[in-house]
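What the sequence shown shows, in the numbering used here, is residues 1 to 651, in sequence order. Cβ coordinates follow ideal geometry from the N, Cα and C atoms, glycine included.
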Amino acid sequence: MNAQIDHALEEIRRFRPSPEFAAQAVADEGLYDAARADRLGFWADQARTLLQWEKPFTRTLDWSNPPFAKWFDDGELNVAVNCLDRHVEAGLGDRVALLWEGEPGDSRAITYAELTDAVKRAANTLTDLGVGEHDRVAIYLPMIPEAVVAMLACARIGAIHSVVFGGFSADSLASRIDDAEASVVITADGGYRKGRVFPLKPVVDEALGKAEGGTVRNVLVVKRGENDVEWDADRDLWWHETVGTASNEHKAKAFEAEHPLFILYTSGTTGKPKGILHTSGGYLTQAAFTHKNVFDLHPERDVYWCTADVGWITGHSYVVYGPLANGATQVIYEGTPDTPHPGRWWEIVEKYKVSILYTAPTAIRSFMKLGRQIPHEFNLRSLRLLGSVGEPINPEAWIWYRHVIGGGSIPVVDTWWQTETGAIMISALPGVTDLKPGAAQVPVPGVSISILDDDGAEIHGEGGGLLVATEPWPSMLRGIWGDPERFKETYWEKFGDKYFAGDGARRDEDGDFWLLGRVDDVMNVSGHRLSTAEIESSLVAHPWTAEAAVVGAADETTGQAVVAFVILKASQVSHVTDPSEASEELRKHVATQIGAIARPRQVFIVNELPKTRSGKIMRRLLRDLAEGREIGDTTTLADTSIMQVISAQVR
Ligand code: 6R9
Numbered sequence: 001m002n003a004q005i006d007h008a009l010e011e012i013r014r015f016r017p018s019p020e021f022a023a024q025a026v027a028d029e030g031l032y033d034a035a036r037a038d039r040l041g042f043w044a045d046q047a048r049t050l051l052q053w054e055k056p057f058t059r060t061l062d063w064s065n066p067p068f069a070k071w072f073d074d075g076e077l078n079v080a081v082n083c084l085d086r087h088v089e090a091g092l093g094d095r096v097a098l099l100w101e102g103e104p105g106d107s108r109a110i111t112y113a114e115l116t117d118a119v120k121r122a123a124n125t126l127t128d129l130g131v132g133e134h135d136r137v138a139i140y141l142p143m144i145p146e147a148v149v150a151m152l153a154c155a156r157i158g159a160i161h162s163v164v165f166g167g168f169s170a171d172s173l174a175s176r177i178d179d180a181e182a183s184v185v186i187t188a189d190g191g192y193r194k195g196r197v198f199p200l201k202p203v204v205d206e207a208l209g210k211a212e213g214g215t216v217r218n219v220l221v222v223k224r225g226e227n228d229v230e231w232d233a234d235r236d237l238w239w240h241e242t243v244g245t246a247s248n249e250h251k252a253k254a255f256e257a258e259h260p261l262f263i264l265y266t267s268g269t270t271g272k273p274k275g276i277l278h279t280s281g282g283y284l285t286q287a288a289f290t291h292k293n294v295f296d297l298h299p300e301r302d303v304y305w306c307t308a309d310v311g312w313i314t315g316h317s318y319v320v321y322g323p324l325a326n327g328a329t330q331v332i333y334e335g336t337p338d339t340p341h342p343g344r345w346w347e348i349v350e351k352y353k354v355s356i357l358y359t360a361p362t363a364i365r366s367f368m369k370l371g372r373q374i375p376h377e378f379n380l381r382s383l384r385l386l387g388s389v390g391e392p393i394n395p396e397a398w399i400w401y402r403h404v405i406g407g408g409s410i411p412v413v414d415t416w417w418q419t420e421t422g423a424i425m426i427s428a429l430p431g432v433t434d435l436k437p438g439a440a441q442v443p444v445p446g447v448s449i450s451i452l453d454d455d456g457a458e459i460h461g462e463g464g465g466l467l468v469a470t471e472p473w474p475s476m477l478r479g480i481w482g483d484p485e486r487f488k489e490t491y492w493e494k495f496g497d498k499y500f501a502g503d504g505a506r507r508d509e510d511g512d513f514w515l516l517g518r519v520d521d522v523m524n525v526s527g528h529r530l531s532t533a534e535i536e537s538s539l540v541a542h543p544w545t546a547e548a549a550v551v552g553a554a555d556e557t558t559g560q561a562v563v564a565f566v567i568l569k570a571s572q573v574s575h576v577t578d579p580s581e582a583s584e585e586l587r588k589h590v591a592t593q594i595g596a597i598a599r600p601r602q603v604f605i606v607n608e609l610p611k612t613r614s615g616k617i618m619r620r621l622l623r624d625l626a627e628g629r630e631i632g633d634t635t636t637l638a639d640t641s642i643m644q645v646i647s648a649q650v651r
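Structure, rendered in structure tokens:
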């Protein structure tokens with residue numbers, strides 16, 4: 001019986017590439033053959049053809065000291081030159097690099113020549129501010145062109161950027177500034193979101209009040225929101241008065257391939273975010289290779305749009321580095337999808353004739369909820385390829401995306417990867433792979449993925465287990481900033497020299513990979529990683545809280561949602577008369593401490609938490625409760641009646 005149901009639920013739809021698409025496709029079967037025949041030779045070829053090296057490399061991979069990999073390490077290049085100057089030198093200076101759309105409807109088109117000019121000015125300004133090679137620069141900006149300029153200016157002078165998502169709180173910003181010991185922060189007065197200006201500079205001021213390191217010498221402020229800001233004349237500088245007047249002459253130096261490029265913080269299983277470190281040559285090679293082949297990029301005619309914010313890895317690899325290395329023309333949008341009307345994204349696709357769209361399942365599901373009449377009001381016929389990233393895309397959302405947005409016949413690629421992997425690892429290649437809704441499908445050429453059981457034995461054929469990269473890859477993380485031990489423990493200790501991704505997966509009878517979600521205490525809310533431990537510590541930091549447990553509960557729109565169970569301190573219970581008031585206060589508290597994306601959907605005030613005899617909270621049971629399921633096996637609880645008490649309190 002069960003087997004029958006399983007079979008009925010199994011996704012059996014398959015979509016062959018259309019002959020017209022296949023005929024013009026960038027990728028072909030030969031990529032797989034080449035990578036299979038000589039994996040390292042394949043990556044060396046990609047690095048040589050996709051990038052410009054000031055000093056050619058002779059060594060492809062040094063894996064003599066795992067897990068510390070070195071790729072192309074005797075070669076030298078400048079990442080910003082690869083993204084800018086070389087296109088201008090090739091006569092493409094007039095090609096539009098950025099088609100920027102502000103939320104209020106203002107817009108700017110910036111050519112490669114103009115972007116190069118802006119980056120040179122910003123590089124000179126940073127140098128004037130004393131920023132040198134290896135120095136860290138925190139970037140806390142809205143989705144405006146200056147965010148791209150700031151990142152590339154750091155890359156150009158060999159400084160390391162740490163972009164902090166503009167939705168993060170002062171506390172989160174302060175801890176990231178401290179951890180990276182940033183000497184400069186680049187921000188804006190404010191940016192537009194949901195029809196209003198949200199302040200950024202005031203958050204930076206607050207963060208710098210909290211940051212303990214005192215490492216920040218200067219704050220460079222872009223004028224965008226025109227909101228009033230306080231000014232520290234010894235520390236703060238306007239972007240337009242510095243970058244705007246700086247020289248546009250700047251000779252870029254070549255750096256070693258392993259020169260650090262950026263740090264990006266991501267949630268782990270413990271409370272403290274990890275500063276994932278990426279370097280230059282290998283990262284740019286795989287970002288460019290995947291961007292070109294997975295998105296079938298024809299830079300001379302495509303208009304590409306990745307909706308991610310630069311505060312996330314997708315914004316690093318597929319808004320900044322991949323597309324610009326490939327000389328693409330791309331749309332950048334500042335605001336929210338529903339401002340000032342729910343068709344805003346589709347209006348942008350129509351306005352700029354977007355041909356490649358890369359977004360997240362959570363966005364697709366929220367559009368599904370609104371109905372097809374909204375996208376149908378716009379001309380979306382320019383679209384010829386759709387991409388998805390951030391979490392598993394359920395087959396129904398895949399089909400809706402292909403039909404309602406894509407008109408029914410264009411490829412949809414589901415791309416699996418992580419902040420740590422730097423670039424796409426598993427995806428169909430459009431024009432080559434038969435597409436299967438719901439599956440991420442196959443490792444990209446040159447990437448080796450396996451599924452292992454808990455003991456490290458490979459699971460052959462069908463069956464679920466843990467997703468592992470069995471060979472180093474060019475864009476792999478090179479470490480966790482300042483914490484080599486944590487780097488080894490988190491990713492490499494479980495399976496020897498194989499990379500443990502933290503995701504569960506299974507393979508079907510065709511060998512296609514299906515991602516099953518995180519196997520650790522990391523939640524995925526709207527494609528953003530949040531750690532249960534981090535939200536729990538934030539809740540416990542509130543004076544009312546005695547104990548807290550957080551789970552990720554299935555949510556129709558956001559994939560998972562944060563649900564918290566909190567025990568109030570006995571000393572507080574008498575003051576807090578209304579539990580809903582306490583919940584609201586705690587929800588707000590988390591949003592202020594971490595950022596709005598971490599705000600729990602629900603906070604339940606309870607008297608007890610389910611614990612094992614050794615005192616471990618059994619989150620699995622709380623998840624059952626949060627998802628409205630029957631409570632699972634409670635036999636390992638210290639007190640087996642506790643779940644009844646908690647259920648009664650929650651309902
Ligand atoms: C790029 C990005 C990484 C985690 C990853 C996994 C989930 C991302 C996915 C996916 C299923 C996909 N994830 N893409 N799960 N199918 N196509 O999202 O990086 O923010 O570091 O998140 O997201 O669980 O481990 P990051």
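- It is roughly 21 angstroms from the alpha-carbon of D94 to the alpha-carbon of R156.
- When beta bridges are read from the DSSP output, A548 appears opposite V566.
- Relative to the ligand 6R9, the beta carbon of V389 is positioned inside 7 angstroms of a heavy atom.
- Of the heavy atoms belonging to the ligand 6R9, at least one sits nearer than 7 angstroms to the Cβ of P392.
- Contact between the segment 614-632 and the segment 539-554 is present: three or more C-beta pairs spanning the two stretches fall below 8 angstroms.
- Taking 7 angstroms as the cut-off, the C-beta of D135 does not count as close to any heavy atom of the ligand 6R9.
- Apart from sequence neighbours up to five positions away, the residues of its chain that approach H589 with a beta-carbon distance below 6 angstroms are H542, ordered along the chain.
- Counting along the chain, A533 sits inside the alpha helix (DSSP H) bounded by residues 532-540.
- Residues of the same chain with a CB within less than 6 angstroms of the CB of K201, apart from the 5 flanking positions on each side, are T187, D189, V221, V229 in chain order.
- Y304 places its beta carbon 8 angstroms or farther from that of Q286.
- For A469, the closest of E485, V163, D503 by C-alpha to C-alpha distance is D503.
- For S450, the enclosing beta strand (DSSP E) begins and ends at 449-452.
- With a contact defined as Cβ atoms closer than 8 angstroms, G281 and W71 qualify at about 6 angstroms.
- Here F15 carries a strand assignment [DSSP, helix/strand/coil].
- If you ignore the 5 residues before and after V447, its C-beta comes within less than 6 angstroms of the C-beta of M425, W473, all in its own chain and listed in chain order.
- Residue range 79-83 is occupied by the alpha helix (DSSP H) that includes V81.
- Membership of G41 in the alpha helix (DSSP H) is indicated by the continuous run 39-50.
- Taken through DSSP and simplified to helix, strand or coil, G463 comes out as strand.
- Within the same chain, and ignoring the five residues on either side of K569 in sequence, the residues whose Cβ sits closer than 8 angstroms to its Cβ are P543, W544, T545, A546.
- G275 is a Cβ neighbour of G482, given a cutoff of 8 angstroms.
- For H575, the three-state secondary structure derived from DSSP is coil.
- Minimum Cα-Cα distance from P342 among the listed residues F378, V650, Q24 corresponds to F378.
- Here Q560 is buried. Its C-beta has 16 or more other C-beta atoms within 10 Å.
- The segment 382-395 and the segment 362-374 touch, with three or more beta-carbon pairs separated by less than 8 angstroms.
- Nearest Cα to R301 within the set I449, R193, G327: G327.
- Residue pairing by DSSP leaves I348 without any beta bridge partner.
- Unbroken alpha helix (DSSP H) stretches of 4 residues or longer found wholly inside the segment 474-528: 484-491, given in chain order.
- Just so you know, the alpha carbons of R601 and F565 end up roughly 11 angstroms apart.
- The alpha carbon of A648 has as its nearest neighbour, out of E608, D633, T612, the alpha carbon of E608.
- Distances from the CA of A252 to each of K223, C83, E29, E114 were compared; the closest alpha carbon is that of C83.
- Exclusion of the five residues before and after K494 leaves F500 as the residues of its chain whose Cβ lies within less than 7 angstroms of its Cβ.
- Scanning E181, A170, R196, D73 for the CA closest to the CA of G105 turns up R196.
- Between W43 and T60, the gap from beta carbon to beta carbon is short of 8 angstroms.
- Judged by DSSP secondary structure, F165 falls outside any beta strand (DSSP E); it is assigned neither H nor E.
- The beta carbons of S169 and I594 sit about 6 angstroms from each other, so the pair counts as a contact at 8 angstroms.
- Annotated as distal: G191 and T490, with beta-carbon spacing of 8 angstroms or more.
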